[in-house]
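Numbering-wise, my numbering puts 162 at position 134 of the sequence shown, and it's gapless, one number per residue. Where a beta carbon is used, it is the ideal one built from N, C-alpha and C, also for glycine.
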Amino acid sequence: MENLQGRELVMMPQFFSEQEKKEYLNKMFTVKGYYPALGTGGMGIDFVNNPQYISELTKRGVLPTMSAVLLALGEPENREILFGPKETRLEKNRVKFSREKNKEILIDRVAKMREKNPYGIVAINLMHAVGDYKEMIKTIGNLGTKNEKGEVVGNGVDILVVGAGMPRDLGVDILEYPHLRYMPIVSSAKAAKFMMIFAKKNNGRLPDGFYIEHPDVAGGHLGKKEIAESGFDAQKTIDEIRKYIAEYYDEDVHVPVVLGGGISYREDIDKALKIGYDSVNMGTRPLLTKESGLPNKLISAKYLVADDVDTTLKSPAGLPSNSVNNPEMVVEKNAKEIVKNCIKCIKSCKYLDAAKDALKQGKTNAETKSYCIADKLSLTRHGLDGGLLFSGKELRVIKNDSLYLDQETGKALIPTVKQMVEFVLNPKHKRPNN
Ligand SMILES: Cc1cc2nc3c(=O)[nH]c(=O)nc-3n(C[C@H](O)[C@H](O)[C@H](O)COP(=O)(O)O)c2cc1C
29 MENLQGRELV MMPQFFSEQE KKEYLNKMFT VKGYYPALGT GGMGIDFVNN PQYISELTKR
89 GVLPTMSAVL LALGEPENRE ILFGPKETRL EKNRVKFSRE KNKEILIDRV AKMREKNPYG
149 IVAINLMHAV GDYKEMIKTI GNLGTKNEKG EVVGNGVDIL VVGAGMPRDL GVDILEYPHL
209 RYMPIVSSAK AAKFMMIFAK KNNGRLPDGF YIEHPDVAGG HLGKKEIAES GFDAQKTIDE
269 IRKYIAEYYD EDVHVPVVLG GGISYREDID KALKIGYDSV NMGTRPLLTK ESGLPNKLIS
329 AKYLVADDVD TTLKSPAGLP SNSVNNPEMV VEKNAKEIVK NCIKCIKSCK YLDAAKDALK
389 QGKTNAETKS YCIADKLSLT RHGLDGGLLF SGKELRVIKN DSLYLDQETG KALIPTVKQM
449 VEFVLNPKHK RPNN
């Protein structure tokens, strides 16, 4: 437990055996008061899979989430093969190559994380919108060491968090992997209820918990169709979800509900817990650390000096998304090139659809303001120019925190995970203008 100014927060304990971890996991998902108050969100492409990043979080009682999204592009040589210069680019079997690498790299990332962090409780994020969603569920469910019955008994991941779309079959798919808890990411109580109804109707497993993501301020894709403000009300949302939980779950089970999006200060955590959430998740704060997969030079040259964070309708998944405006991001307009370069990373890609429509109409250029997310987000992952700079809206506020300023030199400072967690937990660090 973290005790600061008299108020206690539930923090994740350290575990020294698989058995200890298992017992705690059972309590986390059934008994009130065990789910750790602070966690971090999954961030594709591969921004959150560094073993050092994960163990620095678990060491401090924070529940980390890895990413299983488009991991092929987490390796610079695969980026070269898929999106590099035309002379060296793989033209045939691009989809097959990228999907095989997605799996291979996921297995490798989790194994490396477990070498450093054998018994920490670790979640993993997958986007429902990705083209290899079903294959990746299988790969995630089979990660780790198995016993003679084929059951996973260690070294895998513990919680599957699925966002960007409604994973309506997940309650059934997950039956094959009893060691895995699952939590859908939703932005409304109605969507949470839909997940409950679907699991019940299909004799699946009910979600073990819910991650409620603020549809206006969170980093990356947003859970709303329009750019306009959604009128999201955190209190009303949790009250309704608790009502649905009481309707669909056994009376003696406490289902954890986590709030994410715009959480940056201790008072945000306290407020969320006070109104009925079990925990909060942060994305942008942990992204801006030395140990995350976002190269330090982009943190200082692009993020900490950003004028603003834009919500645009440009995401190829057809959802608005929050990102730092990057004038250097050049979007391919040639429809033929777009179709040729596609690795089918998103199931229903609006960027690809626009290019196909253009070709059908005999046009050369696609009339689209969208982009290839695999290409552009992986530029950022590897510190190259012209990338897509996903960020939460909070960046506008937090970039001025003392956490990012070297008091001695007056220059920008990129904090370690340790410094970031200590800053966020300390009630002395107030939200500006409060
Ligand atoms: C660079 C970046 C990449 C992200 N990628 C994903 C992703 O692949 N899947 C997902 O469900 N959420 C993704 N998110 C959302 C985060 O997991 C988290 O929910 C969100 O950032 C929380 O809001 P905050 O940034 O205001 O803290 C991403 C966010 C950022 C900033």
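In this structure, 239 is the residue among 199, 126, 239 with its C-alpha nearest to the C-alpha of residue 216.
Restricting attention to 98, 59, 430, 180, the CA atom closest to the CA of residue 459 is found in 430. With contacts defined as CB atoms closer than 8 Å, residue 90 and residue 66 qualify as a contacting pair.
Here the distance from the Cβ of residue 422 to the nearest heavy atom of ligand 1 is below 7 Å.
In the displayed model, residue 338 falls within a strand according to three-state DSSP. With a cut-off of 7 Å, the C-beta of residue 130 is classified as distant from ligand 1, since no heavy atom of the ligand falls inside that distance. Counting the other Cβ atoms within 10 Å of the Cβ of residue 284 gives 16 or more, which makes it buried. When secondary structure is reduced to three states using DSSP, residue 418 falls in the strand class.
Residue 238: member of the beta strand (DSSP E) spanning 238–241, first to last residue.
Every beta strand (DSSP E) stretch that sits fully inside the stretch 219–301 and reaches 3 residues is listed by chain position as 238–241, 285–288.
Residue environment for residue 267: exposed (fewer than 16 other C-beta atoms within 10 angstroms of its C-beta). The count of Cβ pairs closer than 8 Å, one atom from the stretch 291–298 and one from the stretch 431–442, stays below three, leaving the stretches out of contact. When the beta-carbon positions are compared, residue 180 and residue 92 stay at least 8 Å from each other. Between residue 305 and residue 99, the alpha-carbon positions lie close to 31 Å from each other. Residue pairing by DSSP puts residue 174 in a beta bridge opposite 180. Set against 7 Å, the gap from the CB of residue 226 to the closest heavy atom of ligand 1 is not smaller. When C-beta atoms of the stretch 155–173 are compared with those of the stretch 187–200, three or more pairs fall below 8 Å, so the two segments count as touching.
According to the DSSP assignment, residue 69 belongs to no beta strand (DSSP E), since it is labelled neither H nor E. Residue 70 sits close to residue 94, with the two beta carbons spaced by under 8 Å. Distance check between residue 343 and each of 365, 190, 163, 400 places 400 closest, using alpha-carbon atoms only.
Apart from the 5 residues on each side of it in sequence, residue 263 sits with its Cβ closer than 6 Å to the Cβ of 303 in its chain, given in chain order. In summary, residue 418 is buried, with 16 or more beta-carbon neighbours lying within 10 Å of its beta-carbon over all protein chains present. Secondary structure at residue 104: helix, using DSSP grouped into helix, strand and coil.
Between ligand 1 and residue 44, a heavy atom-to-CB distance of less than 7 Å is absent. In this structure, ligand 1 has a non-hydrogen atom nearer than 7 Å to the beta-carbon of residue 288. Between residue 145 and residue 82, the gap from beta carbon to beta carbon is short of 8 Å. Residue environment for residue 172: buried (at least 16 other C-beta atoms within 10 angstroms of its C-beta).
The alpha carbon of residue 364 has as its nearest neighbour, out of 379, 375, 232, the alpha carbon of 379. Put simply, of 143, 422, 408 the residue whose alpha carbon is nearest the alpha carbon of residue 416 is 408.
The beta-bridge partner set that DSSP reports for residue 191 consists of 155.
Under the 8 Å Cβ criterion, the stretch 202–213 counts as touching the stretch 227–235, having at least three qualifying pairs. Following the DSSP letters along the chain, one finds residue 212 inside the beta strand (DSSP E) bounded by residues 209–214. Boundaries of the alpha helix (DSSP H) harbouring residue 425: 423–426, taken from the DSSP string. Residue pairing by DSSP puts residue 94 in a beta bridge opposite 152. Beta-bridge partners assigned by DSSP to residue 374: 158. At a Cβ-Cβ threshold of 8 Å, residue 241 and residue 289 count as neighbours.
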